[in-house]
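Right, one structure below, let's go through it.
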Amino acid sequence: MTRRKPSQQTSQHPPEACHDAAWLRAVRSRLLLWYRAHARDLPWRRTRDPYHVWLSEIMLQQTQVATVIPYFERFLTALPTIADLAAAPEEQVLRLWEGLGYYRRAQQLHSAAKQIVEMHGGRFPAEFEAVIQLPGIGRYTAGAILSIAFDVPAPILEANTVRLYSRLWQFDGDPTSRAGQTLLWGAAEALLPRRGAGEINQALMELGSQVCLPRGPLCEACPLAALCPTRAEGLQDQIPRVKSKPRVTPVRHLLLAIERRKKYLLRKGRDGDRWVGLWDFPRFELANGDRVTDSTALAKVIASELGGPIAIGERLASWRHTVTRYRIELECHAARVQSRELRGKTSHEQRWFTLEEIAELPLNTTGRKLYRLLCE
DNA sequence: AAGTCGGGGGG
DNA sequence: CCCCCAGACTT
Numbered sequence: 285m286t287r288r289k290p291s292q293q294t295s296q297h298p299p300e301a302c303h304d305a306a307w308l309r310a311v312r313s314r315l316l317l318w319y320r321a322h323a324r325d326l327p328w329r330r331t332r333d334p335y336h337v338w339l340s341e342i343m344l345q346q347t348q349v350a351t352v353i354p355y356f357e358r359f360l361t362a363l364p365t366i367a368d369l370a371a372a373p374e375e376q377v378l379r380l381w382e383g384l385g386y387y388r389r390a391q392q393l394h395s396a397a398k399q400i401v402e403m404h405g406g407r408f409p410a411e412f413e414a415v416i417q418l419p420g421i422g423r424y425t426a427g428a429i430l431s432i433a434f435d436v437p438a439p440i441l442e443a444n445t446v447r448l449y450s451r452l453w454q455f456d457g458d459p460t461s462r463a464g465q466t467l468l469w470g471a472a473e474a475l476l477p478r479r480g481a482g483e484i485n486q487a488l489m490e491l492g493s494q495v496c497l498p499r500g501p502l503c504e505a506c507p508l509a510a511l512c513p514t515r516a517e518g519l520q521d522q523i524p525r526v527k528s529k530p531r532v533t534p535v536r537h538l539l540l541a542i543e544r545r546k547k548y549l550l551r552k553g554r555d556g557d558r559w560v561g562l563w564d565f566p567r568f569e570l571a572n573g574d575r576v577t578d579s580t581a582l583a584k585v586i587a588s589e590l591g592g593p594i595a596i597g598e599r600l601a602s603w604r605h606t607v608t609r610y611r612i613e614l615e616c617h618a619a620r621v622q623s624r625e626l627r628g629k630t631s632h633e634q635r636w637f638t639l640e641e642i643a644e645l646p647l648n649t650t651g652r653k654l655y656r657l658l659c660e
């Protein structure tokens, strides 16, 4: 058991040295007894199909279980095999992802499916080196897929187990630091059994998410409480250390519903934009005190970006939307084109769509919200 | 080591 | 309002 001072916690001994083999065996066996009695019945736990496990792991990145479930089932109904995914148009994949966020996950999943068809005959690879080379799959996701789908003894480390291991090893340094990562990955490795790594890994995450909570962990219900040094010293609310978060900066956006003959002008996000690959209504950032209706500078920007002059009309709606570290004050206006066509050059891909066509397009969340307003 | 990428759940 | 989430990737 570790009894070193916090300042020395991150150095000197490898994590294996902190807990002996008997302690590790006790953790595994108590954990498995608890898990077999308390595991939630989740869709991706009913199968070991590598495609299903892979899809669930990608969707679950930075996304909570309850949010993922309906997306997971709808996605597999639409694209039941890796070959189906590889052959699907990107806009269908993004449409299935719409609302989940982190859309690059969907694009990399799609790209990886094509690679699997090309390089592995459509069969998900079972070797770590091949798996981690696929786009969108890092050390955690590779370990999760390999251990769950193929029973490969690969360690995992993610939000739940960072917290669990920090407490079990009483690590009070910064978990994201080099030393923290080394210690925590070492802990994950030390806990691995020779067989059944997938079950252990899922049990560790389940305990972390259901019992070893960020604040107010349920130590009374924890099967590992008697083995936990942090619990013994009552430090479970100080470990792991929390990092302060960056400030949120407010911005204003203008969203234009430009209609011409029952069609609306949409633009597709490209590299450098926020929602790459998703369609959006023409969107412009406003200066601080800018009034939408009488800014000639704004009119120039709009005309140059859309390829012709636009007359801004009445306000349709306004609301607030927070993304990453920006709080967007959104103002939606109706608008009409003044020339017969927008014929100037545009750096974005932009096209006119009917409402029926927009229904099938991948949009970002605010774009979808404005679409619904226009349908009323 | 810090930024970026989204959106919703829940206190 | 706040914190948090089965991370990966770039700078």
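For the first sequence, this note's numbering gives the first residue as 285, with consecutive numbering after it.
Beta carbons: idealized from backbone N, C-alpha and C, even for Gly.
Limits of the alpha helix (DSSP H) - the one that residue i falls within
i      : result
Cys659 : Thr649 to Cys659
Trp469 : Arg462 to Leu475
Leu378 : Glu374 to Trp381
Tyr424 : Arg423 to Phe434
Arg389 : Arg388 to His404
Leu369 : Ile366 to Ala371
Leu360 : Val349 to Ala362
Arg567 : Unbroken run through Arg567 is the beta strand (DSSP E), Arg567 to Leu570; no alpha helix (DSSP H).
Phe412 : Phe412 to Ile416
His336 : Pro334 to Met343
Trp559 : Careful: Trp559 lies outside any alpha helix (DSSP H) and carries neither H nor E.
Leu308 : Ala305 to His322
Ile523 : Ile523 -> no alpha helix (DSSP H), and no H or E assigned at all.
Thr514 : Pro513 to Ala516
Ile440 : No alpha helix (DSSP H) holds Ile440; DSSP gives it neither H nor E.
Ala487 : Ala481 to Gln494
DSSP bridge partner residues for residue i (one or two, in chain order)
i      : result
Val621 : Ile594
Leu614 : His537 and Trp603
Trp328 : Paired residues: none, contrary to the question.
Asp564 : Arg551
Nearest neighbour of residue i, chosen from the options [CA to CA]
i      : options                           : result
Ala433 : Glu543, Thr580 and Gly482         : Gly482
Ala371 : Pro354, Ile642, Ser395 and Leu645 : Ser395
Pro498 : Gln520, Gly480 and Arg478         : Gln520
Pro334 : Arg312, Asp325 and Val436         : Val436
Leu614 : Leu639, Ile586 and Glu569         : Glu569
Ala571 : Gly500, Leu582, Leu562 and Arg656 : Leu582
Ala509 : Glu625, Thr361, Leu315 and His303 : Leu315
Gln346 : Val560, Asn444, Arg320 and Glu413 : Asn444
Ala643 : Arg635, Arg656 and Gln634         : Arg656
Arg330 : Ala362, Gly464 and Gln486         : Gln486
Gly406 : Gln391, Leu441, Ala390 and Pro364 : Pro364
Glu236 : Lys547, Gly553 and Val576         : Within the shown structure, residues of the chain are numbered from 285 to 660, placing residue 236 beyond reach of any answer.
Asp574 : His537, Ala601 and Ser602         : His537
Ile612 : Thr649, Arg635 and Arg324         : Thr649
Arg324 : Phe356, Gly464, Glu490 and Arg478 : Glu490
Closer than 6 Å: residue i CB and nearest the ligand NAD heavy atom
i      : result
Ser450 : Within the structure as shown, the ligand NAD is missing, as the structure has no ligands at all.
Between the CA atoms of residue j and residue i - distance to the nearest angstrom
i      : j      : result
Gln376 : Phe359 : 10 Å
Ile429 : Leu308 : 23 Å
Arg388 : Glu374 : 11 Å
Gly383 : Glu517 : 43 Å
Arg558 : Thr608 : 10 Å
Phe565 : Val446 : 40 Å
Ala306 : Glu473 : 15 Å
Cys302 : Ile416 : 30 Å
Ala367 : Arg652 : 29 Å
His605 : Gly480 : 44 Å
Cys659 : Val585 : 28 Å
Leu369 : Asp578 : 48 Å
Pro501 : Glu402 : 46 Å
Trp469 : Ile484 : 15 Å
Gln454 : Leu600 : 55 Å
Phe408 : Ile400 : 6 Å
Val532 : Arg525 : 21 Å
Ile542 : Leu339 : 37 Å
Lys398 : Glu589 : 34 Å
Arg478 : Leu647 : 46 Å
Ala414 : Arg544 : 50 Å
Residue i, enclosing beta strand (DSSP E) - first and last residue
i      : result
Phe637 : Glu633 to Thr638
Ile542 : Thr533 to Arg544
Tyr548 : Lys547 to Lys552
C-beta contact flag for residue i and residue j at 7 Å
i      : j      : result
Ala438 : Gly422 : no
His322 : Trp328 : no
Cys496 : Arg515 : no
Tyr610 : Val535 : yes
Ile523 : Arg451 : yes
Leu549 : His617 : no
Val349 : Met343 : no
Thr425 : Glu341 : yes
Gly553 : Leu562 : yes
Ser631 : Gly592 : no
Ile596 : Val621 : no
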